[in-house]
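Colleague: In the working numbering, the protein residues as written are 9 to 261. Here a beta-carbon is modelled for each residue, glycine too, at the ideal position from N, C-alpha and C. My questions all concern the structure below.
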């Protein structure tokens, strides 16, 4: 979707992911929003929201002394999910209300378009629209926990991305989908350029992620999940949104 402020200029805190996440929950049916926020789709003891979103894309200036980002002109926001009611609510509510509120900023809809992204191959090139993050929680010698984030060139990065996609696939298509993937080509993710590191503050926690262009290889069903539900963890906090290189948003609303 393309959004624009009435005054053509607006500003948000530099770390604005929470504002977008809150807006997306707000446009849902109240009961579904409560379920998604507090329960989610369960895989063992893990909770998945099965949606992700991009950074705001447009002209901007960072005002570091004020810790704000100032956007000038229209901005583009991509929201992605395999959950049809979620997508319908985003589209219908925003069109009905003719806009989206991010914090205290009201943005009107300039354009709304939808696309069903599919891999179409067992090897695709993708561009991140928001950083990818994966991590492990480890323990220090004194018993204190700490978070270890992984770089895209580390083996653990690939393995954790793969495990996360497997869980999402089973939530979307059922447990039997795991067997289909196991019989297919091996999963891999390779950066095609030097990944850019990002430190994003979310509700007082610093999250490390990486953006760039990547090649994804593996079973097409797994790659479809990456395109539609996001890749890596913390998708609902604005991480792991992808677009297939060469992809075009086909349907305008």
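In angstroms with no decimal places, state the Cα-to-Cα distance between residue 129 and residue 40.
Modeller: The straight-line gap from Cα to Cα measures roughly 34 Å.
Colleague: Apart from the five residues just before and just after residue 97, which ones in its own chain have a Cβ nearer than 8 Å to its Cβ?
Modeller: Cβ within range, chain order: 35, 36, 37, 40.
Colleague: Would the beta-carbon of residue 78 fall within 8 Å of that of residue 71?
Modeller: Cβ atoms of residue 78 and residue 71: closer than 8 Å.
Colleague: Please determine if the segment 214-233 and the segment 107-124 are in contact, where contact requires at least 3 C-beta pairs separated by less than 8 Å.
Modeller: Too few Cβ pairs lie closer than 8 Å, so no.
Colleague: List the endpoints of the continuous beta strand (DSSP E) containing residue 80.
Modeller: Start and end: 76-84.
Colleague: Kindly identify the DSSP beta-bridge partner or partners of residue 101.
Modeller: Its beta-bridge partners do not exist; DSSP assigns none.
Colleague: In the segment 119-180, which residue ranges form an unbroken beta strand (DSSP E) of at least 3 residues, counting only runs that do not cross its ends?
Modeller: For the segment 119-180, whole beta strand (DSSP E) runs of length 3 or above, ordered along the chain, are 131-136, 143-147, 153-157.
Colleague: State the CB to CB distance for the pair residue 248 and residue 140, rounded to an integer number of angstroms; the pair is presumed to be in contact (CB under 8 Å).
Modeller: Contact holds; Cβ gap of about 5 Å.
Colleague: When you compare the CB positions of residue 85 and residue 9, do they come within less than 8 Å of one another, or not?
Modeller: Yes, the pair counts as a contact, with Cβ atoms nearer than the cut-off.
Colleague: Using the beta-carbon count (16 or more within 10 Å), is residue 200 buried or exposed?
Modeller: Per the 10 Å Cβ criterion, exposed.
Colleague: Give a yes or no on contact between the segment 173-183 and the segment 142-151, applying the rule of three or more CB pairs nearer than 8 Å.
Modeller: With the cut-off at 8 Å, the segment 173-183 and the segment 142-151 do not touch.
Colleague: Along the chain, where does the alpha helix (DSSP H) that runs through residue 28 open and close?
Modeller: Its alpha helix (DSSP H) spans residues 25-34.
Colleague: Just verifying my parser: in three-state terms, what is the DSSP assignment at residue 196?
Modeller: Note: residue 196 maps to strand in three-state DSSP.
Colleague: Cβ of residue 80 within 8 Å of Cβ of residue 16?
Modeller: Yes, the Cβ-Cβ distance between residue 80 and residue 16 is below 8 Å.
Colleague: Within this structure, are the beta carbons of residue 45 and residue 208 separated by less than 8 Å?
Modeller: Going by C-beta atoms, residue 45 is not nearer than 8 Å to residue 208.
Colleague: Go through its chain and collect everything with a Cβ distance to residue 192's Cβ below 6 Å, but skip five positions before and after it.
Modeller: Closer than 6 Å at Cβ, skipping near neighbours: 227.
Colleague: Taking C-beta to C-beta, are residue 168 and residue 51 nearer than 8 Å?
Modeller: It is not a contact, given that the beta carbons lie outside the stated cut-off.
Colleague: Within the same chain, show all residues whose beta-carbon is closer than 8 Å to that of residue 117, passing over the 5 residues directly before and after it, in chain order.
Modeller: Hits under 8 Å: 9, 10, 11, 102, 103, 106, 107, 108.
Colleague: Give the secondary structure of residue 93 by DSSP, where H, G and I count as helix, E and B as strand, and everything else as coil.
Modeller: If DSSP states are grouped into helix, strand and coil, residue 93 belongs with the helices.
Colleague: Are the beta-carbon atoms of residue 87 and residue 32 separated by less than 8 Å?
Modeller: Going by C-beta atoms, residue 87 is nearer than 8 Å to residue 32.
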